[in-house]
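Encoded as structure tokens, the structure appears first; notes follow it.
Number of protein chains: 4
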Amino acid sequence: MILKDLYQKVRKTSVDICAPLQIEDYVIQSCLEVSPPKWHLAHTTWFYETLVLGRYQANFKEFNPEFNTYFNSYYKSFGKHWLRDQRGILSRPGVGQIMEYRNYVDQKVLEFLNQSPSQEALEILELGLHHEQQHQELLLMDIKNIFSVNNVTYSLNTQPASTQRTDGSWTFNEGVYEFGHNNDGFSYDNEGPYHKSYIHSFELEKSMITNGDFLKFIEDGGYQKELLWLSDGLTYIKENNINSPLYWEKGSEGWNEFTLYGKQPLDLNTPVSHISYYEAQAFALWAGKRLPTEYEWELAAKTLQEDTQAFLEGQTLTPTQSLKGSLWQWSSSSYDPYPGYSREAGPLGEYNGKFMCNQRVLKGGSFATSNWHYRNTYRNFFYPKDRWQFCGLRLAKDA
Amino acid sequence: MILKDLYQKVRKTSVDICAPLQIEDYVIQSCLEVSPPKWHLAHTTWFYETLVLGRYQANFKEFNPEFNTYFNSYYKSFGKHWLRDQRGILSRPGVGQIMEYRNYVDQKVLEFLNQSPSQEALEILELGLHHEQQHQELLLMDIKNIFSVNNVTYSLNTQPASTQRTDGSWTFNEGVYEFGHNNDGFSYDNEGPYHKSYIHSFELEKSMITNGDFLKFIEDGGYQKELLWLSDGLTYIKENNINSPLYWEKGSEGWNEFTLYGKQPLDLNTPVSHISYYEAQAFALWAGKRLPTEYEWELAAKTLQEDTQAFLEGQTLTPTQSLKGSLWQWSSSSYDPYPGYSREAGPLGEYNGKFMCNQRVLKGGSFATSNWHYRNTYRNFFYPKDRWQFCGLRLAKDA
Amino acid sequence: MILKDLYQKVRKTSVDICAPLQIEDYVIQSCLEVSPPKWHLAHTTWFYETLVLGRYQANFKEFNPEFNTYFNSYYKSFGKHWLRDQRGILSRPGVGQIMEYRNYVDQKVLEFLNQSPSQEALEILELGLHHEQQHQELLLMDIKNIFSVNNVTYSLNTQPASTQRTDGSWTFNEGVYEFGHNNDGFSYDNEGPYHKSYIHSFELEKSMITNGDFLKFIEDGGYQKELLWLSDGLTYIKENNINSPLYWEKGSEGWNEFTLYGKQPLDLNTPVSHISYYEAQAFALWAGKRLPTEYEWELAAKTLQEDTQAFLEGQTLTPTQSLKGSLWQWSSSSYDPYPGYSREAGPLGEYNGKFMCNQRVLKGGSFATSNWHYRNTYRNFFYPKDRWQFCGLRLAKDA
Amino acid sequence: MILKDLYQKVRKTSVDICAPLQIEDYVIQSCLEVSPPKWHLAHTTWFYETLVLGRYQANFKEFNPEFNTYFNSYYKSFGKHWLRDQRGILSRPGVGQIMEYRNYVDQKVLEFLNQSPSQEALEILELGLHHEQQHQELLLMDIKNIFSVNNVTYSLNTQPASTQRTDGSWTFNEGVYEFGHNNDGFSYDNEGPYHKSYIHSFELEKSMITNGDFLKFIEDGGYQKELLWLSDGLTYIKENNINSPLYWEKGSEGWNEFTLYGKQPLDLNTPVSHISYYEAQAFALWAGKRLPTEYEWELAAKTLQEDTQAFLEGQTLTPTQSLKGSLWQWSSSSYDPYPGYSREAGPLGEYNGKFMCNQRVLKGGSFATSNWHYRNTYRNFFYPKDRWQFCGLRLAKDA
């Protein structure tokens, strides 16, 4: 697809994702991690305006200079920014004005593309598209959280999927392998450099853990068995009274789960989602296994010819069994720099590098990830406590 | 005015106050004290539905039973309620649905009024009207706060007023006087019983303290003079970096104040507003005077034939010099029960009595108070730290 | 008693109160309200050194200039002071050095008294003695708290007292009465000026509420009956999981209470102690009565010839039934200035006036109060949430 | 050295470290990370009592069963334990009683050693010795913190050392190397299993960064250059007003540093210590280098015949230039399990494994580490924010 078409497609998808929202829904920050949907729509626009047009388009005039404060997420390179935990008190600019902002920037970007821009500018524009696709996933995560508080069903005329589980594991042999992105095509800086690492023999399960599996853990008192937990995890679940995955609720008739199709009886065959790293780790210990490292997962993904259909372009907003899509999978790896990585100076260096502390890598993609956005080398990252993202777990063990 | 007309007028005023809002503005809780405007519109409606129709109208059917959770403010008598600090994460019901709710209840109330309801029911309906007028004032306070964050001008086609100051004081002699409401007409339970109290001779200033007066306090280092402050007040201003009234901002050209007419250069003649009890007390000590007690203020108000024009029906949303309206005035009195007061059992007992701790009485009314809602015996109350209400100060001293 | 003897007696009592302590006990700040015992011993000494010797004795040389920072409690007039919540991290000066400090200052004070000091100096010295007696009470409160954490019995070779209850009430007629201290002898500034107030007819119970009475409240679900509580009180007990008086503990054999005689089975006849204002108020509402105002209590105390034996010089460290001693009694009155009160400039003005916000008056005295320190006009004050002081409750009602 | 002698030597060292303390110093918890010195003395004793005698000595009688609650640090396997942040409110058992406890357990251990105990028991006893040596280091860290608050000089009749810096780097070639402990002699479980890892070519500096180096970073505005910092680190230093290493203080005559020899003018040649991982990382980025991984550091230590004299048995309590001792060195590695590691069931599994989240590995040892306790494979770990340990930094770069 040519870049211009791709740009328009990506831009349209963000707006489409918000189709089920009322104006009031666009404004809500339902918890500290969530950003209001209208903020995502504006911030992704700000990215092109500031990092592409503002730097490469002569005589470019910003839509509104104040937006730089509101819609800069965290780039110290671009001056003061609105505090993340205060995004939910911004009623203005309103949704209509943000749509105008999007249209203004879109028009300017399309004009810019007609002017034979430099390769450097095009690369940053491409980064902007990937950036927007990340935010599409955040949009859907955040909308789910907002809708769970307000008990709203998100409906895109799709159906919950039926799922299938495959028993057994894949086995991999020890040795030196190469990892990371080889610079053939787009990648984020944190995926490189391409480098060798020594891998020990291991097995990776063919299926992700299901709601039914996780329910057994709960019914066996897993949340109360203190020896299963990381020390920080135990403190966290106690302080926050956590005793089931996010969005699970025990009713008089049994467990329910809030989904993008509304509140539903818990489907035992569906892969479990919305668990923290702490819960994933405790489950693995309880099951006598462990989480895979990010290298192990990547080796499997590069080796296996597995489906990649369970992405945003798919037919359902329910997790299904899939290696590469459907749900991000917690790895056991801390989110640290790869050998030889160095943070770029300036704003692009703020994109990934400054977050390399206290977080864990998740591999794969989810039903909210665009197919075009997926890479085997992708390193997603969240704090161990985070649960509102579309994540699940797949177990491994030493072979 | 007959009750039916009065009901319709009060109901219309709440909606009119919100006329300058966009949909997005209705949803915002800009700080913990603020409630989203749409919440006020719904809660005032819930009050009639639950305390009048639900108890006195046969076969009444609620508009939506879930609203009882969302829009019950704090009445333990009516079961669980949504937490106050979580009101800003409710996008639903939306503004449109709340307007339908208002229309539904209004129609049912008007039908009910045609059925010769009991005196008891009528009295609670009247309470509901006063309740809604309190919330009209809260609406305007909260909108001002939301608009200050978003830098929006609230315009009702009125003009800032020019103000006038009168020097000098009124003097009152010591003796036993009677205070509180004598049950001739409507009052809240906290205004009674009518009772005697011994008053010592005192003087009350004819004007409220102005922005110009307060600026002198600031310029004299008042916020840094630790001996002027109550111990709790000193802790509070230090922890919150408070060194001017709320909405004041020092720019390169001097002080500005955010008003309902937008950000304006500070008008030195305007009565100072948006100060906490702590600031009022420190100012009074700095000025060598003190705040009046609630009894002193009430005695003056009952004695003097002063203007009562500076109310919601007035021509401006700027404070002006006025004894009884324009700005609520901090008294030095703790909000405690009057002699002989006892808390009514049931929901009405929750209206005032349970708040009689840690708060201070404010007397008068403000430009956001309805004239019909004003009483000399009115006991408004806020925490000593609160500053977002339309409050100012008037000094007194021993005679 | 001549002042010199009195000085020596008061000074000795502070040290005597600490006799049961090990060195380690002197250092502990068991909760934010508590100060380490050695801090009390040093702070009371600092008071004479700074407010008497430092200001009235020529060529006086401080024991150690750094002590001014450590042992100034909160007097902004004397510069920076160590933060209250950090007193428990001071190991130095040690107990031995503080005893040397006491001896040094005592010797200097006694020399000073031999030099015919001015009346002003003598008055501040007298204030210092009262100040130290307040701290003797704090010492015992704080030691009790420290010992409760460490499960240590405080034994002064005394016995728990047996108690007696008297049914019935005293009745008082309405009218104008005079209150406060008339300046005949020592008083704190907050007890004056002597002034008139109008009192409505009331009854005051002859006995304080007992543990047995309070247990009935608990067993009737008093802590769960939300309508009984002040709004702030309900929040407070929920956030802190409070469901019995401080130091009560439900064991397998029934309720126990930690006392200065160690953990004991709850004595139902003993007056209940260590309850907050919130609990006192909820109990009163449950009992269909109310707390007395500070004026009502003072009128009773001035009128009645009641025992004053249950003070520090008594035979027991158990509360007994007594009007004026044994336990401080919560009044319903907010701690506000009396008519005509003005805060003195300088350090003495910091003694009482700056605390006149958010606190409640307690009247009487306790078994930890010196008899010489007691006055009918005494206005003790604590925050509504405070429970570690020796306080109880006596009910009143309108007559 | 035979085990019995070693036991006695280790036990004596803990007590010797406390020689400069007054009784009051033993009780203090000067910040949340610090434990009172007497707690360390008791906890190390509890370890032998509970994990050795209680499990392997027939008919063993505990010194005092309550001590299990007070002196269990965090072993969920042994039931409820006193909360870590409440250790500073324990005055009892006092220092004398804890010394009796030590003597009691020492006598029982020595008797036990005379009874030909099982190999398993001996291994846990050996673990206990290493455990106590860890706490000796904690003791000195915590005493330094307590003494800094109280401005006390810790003197063991030693002198500050003069230091020497060596310019240049060591270079290492890429390849597969083996890491971790090979089970020849004692190690903690987290040091194994012995395993291969692929290393990329790198250089490691011969000297640690000095105070003088770090001062240049400060003077260049390093703490204010937002782009140098990890996102979490920037938040942390802003919230805690951190702008120099812990114990540095800028006086009118220049920078001072609180040391175990008291407050001293900053010595520019001494290796910088008491910096967080965040500060280490920002410094490295500023210097155009990076921190070494734990593997890189271990490879250097195994390869080089460097001094190991700067340990607890040395002549000074000042950091000097040394690879393996003197100061723990922040690695860039997250504290995660080695390939093949599995947490042991039961209490020993709680020793290390449950802390493998959110922490970073430090390599080496310090002047507070016993020589016998040092291993190249040692994995010390602290949170990125921690600064009170004896840590410094040594830079690396890609070769």
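So the sequences go chain by chain: S, Y, F and R. Mapping to this note's numbering: the first sequence position 136 is 136, numbers consecutive. Count along the second sequence from 1, then add 1000; that gives the number in this note's numbering. Count along the third sequence from 1, then add 2000; that gives the number in this note's numbering. Count along the fourth sequence from 1, then add 3000; that gives the number in this note's numbering. Positions of the beta carbon are idealized from the N, C-alpha and C atoms, including for glycine.
Bounding residues of the beta strand (DSSP E) (the contiguous stretch that carries residue 2199/F)
The count along the third sequence starts at 1 and reaches residue 2199/F at position 199. Here the beta strand (DSSP E) through residue 2199/F covers 2195-2199.
With residue 335/S and residue 390/S assumed to form a contact (beta carbons below 8 Å), what rounded beta-carbon distance in angstroms separates them?
Residue 335/S sits at position 335 when you count from the first residue of the first sequence. Residue 390/S sits at position 390 when you count from the first residue of the first sequence. Contact doesn't hold; Cβ gap of about 18 Å is too wide.
Considering residue 2045/F, what are the terminal residues of the alpha helix (DSSP H) in which it resides?
Working through the third sequence from its first residue, we reach residue 2045/F at position 45. From DSSP, the alpha helix (DSSP H) with residue 2045/F extends over 2037-2047.
Looking at chain C, is there any beta carbon in it that lies within less than 8 Å of the beta carbon of residue 2081/F?
The question asks about chain C, but that chain is absent: this structure's protein chains are S, Y, F and R.
Could you check which residue in 2393/F, 2226/F, 2205/F and 2155/F has the C-alpha nearest to that of residue 2169/F?
The sequence position of residue 2169/F within the third sequence is 169, counting from 1. Considering only alpha carbons, the answer is 2205/F.
Min CB distance residue 2109/F to chain Y below 8 Å
What you label residue 2109/F is simply residue 109 of the third sequence in a count that begins at 1. By this cut-off, residue 2109/F is not an interface position.
Starting from the C-beta of residue 2036/F, find all residues in its chain whose C-beta is less than 7 Å away, skip the five residues before and the five after it, and write them out in chain order.
Along the third sequence, one-based indexing puts residue 2036/F at 36. Closer than 7 Å at the Cβ level, and outside the excluded window around residue 2036/F, lie 2026, 2027, 2028, 2029, 2087 and 2088.
What residues of chain R sit near residue 141/S, judged by a beta carbon separation below 7 Å?
Residue numbering aside, residue 141/S sits at position 141 when the first sequence is read from its first letter. Chain R residues near residue 141/S: none, gap ~20 Å exceeds 7 Å.
Do residue 318/S and residue 160/S have their beta-carbon atoms positioned less than 8 Å apart in this structure?
Counted from its first residue, the first sequence places residue 160/S at position 160. Counted from its first residue, the first sequence places residue 318/S at position 318. Yes, Cβ-Cβ distance for residue 160/S and residue 318/S is below 8 Å.
Of the choices 373/S, 150/S and 192/S, whose alpha-carbon is the least far from that of residue 425/S?
Lying outside 1 to 399, the shown extent of chain S, residue 425/S is not represented and no answer is given.
Contact set for residue 1091/Y: own chain, Cβ-Cβ below 8 Å, skip 5 residues either direction:
Indexing the second sequence from 1 puts residue 1091/Y at position 91. The answer, listed in chain order, is 1027.
Cross-chain neighbours of residue 3095/R in chain F, by beta carbon under 7 Å
By one-based count along the fourth sequence, residue 3095/R stands at place 95. What residue 3095/R touches in chain F: 2024.
Residue 2141/F to residue 1302/Y span [Cα, whole Å]:
For the purposes of this step, residue 2141/F is taken as the residue at position 141 of the third sequence. For the purposes of this step, residue 1302/Y is taken as the residue at position 302 of the second sequence. Taking the straight line from one Cα to the other gives about 48 Å.
Across which residues does DSSP place residue 329/S in a beta bridge pair?
Here residue 329/S refers to the residue found at position 329 when the first sequence is read from its first residue. Per DSSP, 363/S and 392/S.
Is residue 3297/R helix, strand or coil when you go by DSSP?
As a position in the fourth sequence, residue 3297/R is number 297, starting the count at 1. Three-state DSSP puts residue 3297/R in a helix.
List, in chain order, every chain F residue whose beta-carbon is nearer than 7 Å to that of residue 1292/Y.
Reading the second sequence from its first residue, position 292 is the one you call residue 1292/Y. Near residue 1292/Y there are no residues of chain F at all, since even the closest Cβ is about 11 Å away, more than 7 Å.
Could you have a look at residue 3347/R and say whether DSSP puts it in helix, strand or coil?
Taking the fourth sequence and counting its residues from 1, one reaches residue 3347/R at position 347. Here residue 3347/R sits in helix by DSSP.
Cross-chain neighbours of residue 3150/R in chain F, by beta carbon under 7 Å
Position 150 of the fourth sequence holds residue 3150/R. Chain F residues near residue 3150/R: 2090, 2091 and 2092.
Starting from residue 2204/F, follow its DSSP beta bridges and name the residues at the other end.
For the purposes of this step, residue 2204/F is identified with residue 204 of the third sequence, where counting begins at 1. Paired residue(s): 2170/F and 2396/F.
By DSSP, does residue 2177/F sit in helix, in strand, or in coil?
As a first step, residue 2177/F must be located in the third sequence, where it is residue number 177. It is a strand residue.
Contact set between residue 2355/F and chain Y, taken where Cβ atoms lie within less than 7 Å
Against the third sequence, residue 2355/F aligns to sequence position 355. Within chain Y, the residues near residue 2355/F are 1231.
Strictly by DSSP, which residues pair up with residue 1375/Y?
Residue 1375/Y sits at position 375 when you count from the first residue of the second sequence. BP columns for residue 1375/Y are empty, so no partner.
Which residues share a DSSP beta bridge with residue 3334/R?
Mapped onto the fourth sequence, residue 3334/R falls at position 334. According to DSSP, residue 3334/R bridges with 3360/R.
Could you give the DSSP three-state label for residue 1258/Y: helix, strand or coil?
By 1-based counting over the second sequence, the position of residue 1258/Y is 258. Residue state, collapsed to three classes: strand.
How is residue 1248/Y classed by DSSP in three states: helix, strand or coil?
Position 248 of the second sequence, counted from the start, is the residue given in the question as residue 1248/Y. Note: residue 1248/Y maps to strand in three-state DSSP.
Chain-ordered residues of the region 2175-2197 of chain F with a beta carbon less than 8 Å from chain Y:
2176, 2195, 2196 and 2197
Using 10 angstroms around the beta-carbon of residue 1044/Y, count the other beta-carbons present and answer buried if the total reaches 16, otherwise exposed.
Sequence index remark: in the second sequence, residue 1044/Y carries index 44 (1-based). Classification of residue 1044/Y: buried, given that the 10 Å Cβ count is 16 or more.
For residue 2340/F and chain Y, any beta-carbon pair shorter than 8 Å?
In the third sequence, residue 2340/F corresponds to position 340, counting from 1. Yes, residue 2340/F counts as interfacial toward chain Y.
C-alpha gap between residue 1293/Y and residue 66/S, whole angstroms:
Within the second sequence, residue 1293/Y is the residue found at index 293, counting from 1. Within the first sequence, residue 66/S is the residue found at index 66, counting from 1. Residue 1293/Y and residue 66/S: Cα-Cα distance of roughly 47 Å.
My assumption, with CB atoms under 8 Å, is that residue 2347/F sits in contact with residue 2075/F. Please give the rounded CB distance.
Taking the first residue of the third sequence as position 1, residue 2347/F is located at position 347. Taking the first residue of the third sequence as position 1, residue 2075/F is located at position 75. Contact holds; Cβ gap of about 5 Å.
CA-to-CA distance, residue 2046/F to residue 1225/Y, given in whole angstroms:
To locate residue 1225/Y, count along the second sequence from 1; it is residue 225. To locate residue 2046/F, count along the third sequence from 1; it is residue 46. Taking the straight line from one Cα to the other gives about 24 Å.
Is DSSP giving residue 1382/Y helix, strand or coil here?
Within the second sequence, the letter at position 382 stands for residue 1382/Y. The answer is strand: DSSP assigns residue 1382/Y an E or B state.
Closest to residue 1330/Y by C-alpha separation, out of 1190/Y, 1239/Y, 1023/Y and 1383/Y, would be which residue?
Locating residue 1330/Y in the second sequence gives position 330, where the first residue counts as 1. Of the candidates 1190/Y, 1239/Y, 1023/Y and 1383/Y, the one whose C-alpha sits nearest the C-alpha of residue 1330/Y is 1383/Y.
If you compare alpha carbons, which of 1158/Y, 1132/Y, 1153/Y and 1084/Y is closest to residue 1313/Y?
As a working note, residue 1313/Y is residue 313 in the second sequence. Cα-wise, what sits closest to residue 1313/Y is 1158/Y.
Is there a C-beta anywhere in chain F that falls below 8 Å from the one on residue 1299/Y?
For the purposes of this step, residue 1299/Y is taken as the residue at position 299 of the second sequence. Chain F, which has no Cβ nearer than 8 Å to the Cβ of residue 1299/Y, makes this no.
CB contact below 8 Å: residue 2027/F versus chain R:
By 1-based counting over the third sequence, the position of residue 2027/F is 27. Yes, residue 2027/F lies at the interface with chain R (some Cβ there is under 8 Å from its Cβ).
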